[in-house]
Ligand SMILES: Nc1ncnc2c1ncn2[C@@H]1O[C@H](COP(=O)(O)OP(=O)(O)OP(=O)(O)O)[C@@H](O)[C@H]1O
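Numbering (our numbering), first residue to last: 52 to 319.
Structure follows, in structure tokens:
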């Protein structure tokens with residue numbers, strides 16, 4: 052297998068014919084990290100949801116193709132998609148906490164999710180759930196497991212949902228604004244945890260954000276989207292060296308200076 056996931060000259064349209072995305076190509080091997088950045092409405096969410104065949108509002112591929120493990124996904128059955136999404140691909144989409152059932156205990160949902168995709172006993176699944184919760188810096192993991200999502204804060208729910216996704220031991224992590232609702236230090240914890248899966252499991256990661264610095268923290272390459280097209284695509288270092296009047300340069304200037312400074316210090 053050469054690439055884990057790839058898009059070739061992809062175009063996606065919404066019903067009624069609005070083309071949301073055109074001529075998008077990339078390829079990601081195991082262990083690589085791609086950041087997709089761009090202003091609101093540039094097509095980031097449309098792209099990432101289509102990659103796992105969960106199109107928003109019946110969007111559809113109208114040209115090009117998506118490959119998973121070098122295989123065109125166009126012919127995959129719904130059942131095969133379900134297996135892939137749960138077991139091999141972790142998805143953390145906007146507001147992941149909303150995926151939890153507020154009335155069922157976290158333990159029940161966490162353990163069931165693990166056992167649907169991994170061959171573990173209830174006891175092993177519970178131990179794994181505790182470990183994953185602790186890795187995301189949530190205090191008192193047994194108490195979290197015993198609670199129901201409505202008893203948790205928004206940020207705690209987000210982290211629980213991310214912990215569930217990571218417990219599947221994914222080879223590909225897709226994250227769409229995964230940390231938008233989290234404070235800065237929790238954002239850093241979540242991103243560090245994604246990076247850890249890359250180191251320890253050779254997972255590939257695609258992170259979508261309108262914040263170029265948030266993406267750059269873990270991405271080797273950045274794809275800059277604008278009006279549904281790829282405006283720029285290069286290594287993170289190269290994108291950060293673009294002139295101030297380029298589009299990437301403008302996105303960089305649009306984020307608070309403090310963050311940019313800190314990022315610069317981290318990287319150099
Ligand atoms: N349900 C829909 N029907 C028609 N057009 C849509 C629909 N959802 C999104 N679009 C259009 O598709 C384009 C891309 O939207 P998308 O949500 O993918 O952008 P985005 O970069 O992810 O934005 P954001 O950062 O705000 O999430 C936009 O022009 C948007 O208006």
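Think of the CB as a built atom: it goes at the ideal place given N, C-alpha and C, for glycine as much as any other residue. Treat the numbers as computed from the prediction; the structure is a model and nothing was measured.
Close-in-space but distant-in-sequence residues of the same chain around residue i (CB under 7 Å, 5 per side omitted)
| i | result |
| --- | --- |
| residue 209 | 147, 148, 232, 233 |
| residue 97 | 63, 71, 72, 107, 110 |
| residue 183 | 214, 217, 218 |
| residue 270 | 84, 85, 86, 258, 287 |
| residue 248 | 217, 224, 254 |
| residue 140 | 103, 221, 223, 225 |
| residue 189 | 195, 207, 210 |
| residue 91 | 261 |
beta-carbon residue i near ligand 1 non-hydrogen atom, thresh 8 Å
| i | result |
| --- | --- |
| residue 66 | yes |
| residue 302 | no |
| residue 276 | yes |
| residue 204 | no |
| residue 273 | no |
| residue 225 | no |
| residue 228 | yes |
| residue 85 | no |
| residue 90 | yes |
| residue 61 | no |
| residue 113 | no |
| residue 162 | no |
| residue 259 | yes |
| residue 105 | no |
| residue 110 | yes |
Cβ shell of residue i (< 6 Å), same chain only, five flanking positions each side left out
| i | result |
| --- | --- |
| residue 74 | 60 |
| residue 57 | 78, 118 |
| residue 116 | 59, 123 |
| residue 145 | 227, 228 |
| residue 192 | 181, 184, 185 |
| residue 166 | 176 |
One or two residues paired with residue i in a DSSP bridge
| i | result |
| --- | --- |
| residue 90 | Beta-bridge pairing links residue 90 to no other residue. |
| residue 119 | 56, 122 |
| residue 257 | 85, 225 |
| residue 103 | The partner list for residue 103 (beta bridge, DSSP) is empty, contrary to what the question assumes. |
| residue 77 | 58 |
| residue 304 | Paired residue(s): none; residue 304 is not in a bridge. |
| residue 273 | 86, 285 |
| residue 112 | 63 |
| residue 143 | 226 |
| residue 72 | 63 |
Within 9 Å, strictly: CB atoms of residue i and residue j
| i | j | result |
| --- | --- | --- |
| residue 242 | residue 168 | no |
| residue 253 | residue 82 | yes |
| residue 156 | residue 186 | no |
| residue 273 | residue 265 | no |
| residue 40 | residue 120 | Since the first residue of the chain shown is 52 and the last is 319, residue 40 is not available in this structure. |
| residue 154 | residue 201 | yes |
| residue 164 | residue 137 | yes |
| residue 282 | residue 68 | no |
Cβ-based neighbour list, residue i, same chain, cut-off 8 Å, excluding 5 preceding and 5 following
| i | result |
| --- | --- |
| residue 162 | 173, 176, 177, 180 |
| residue 244 | 186, 187, 213, 217 |
| residue 327 | This structure cannot settle anything about residue 327, because the visible part of the chain is limited to 52 through 319. |
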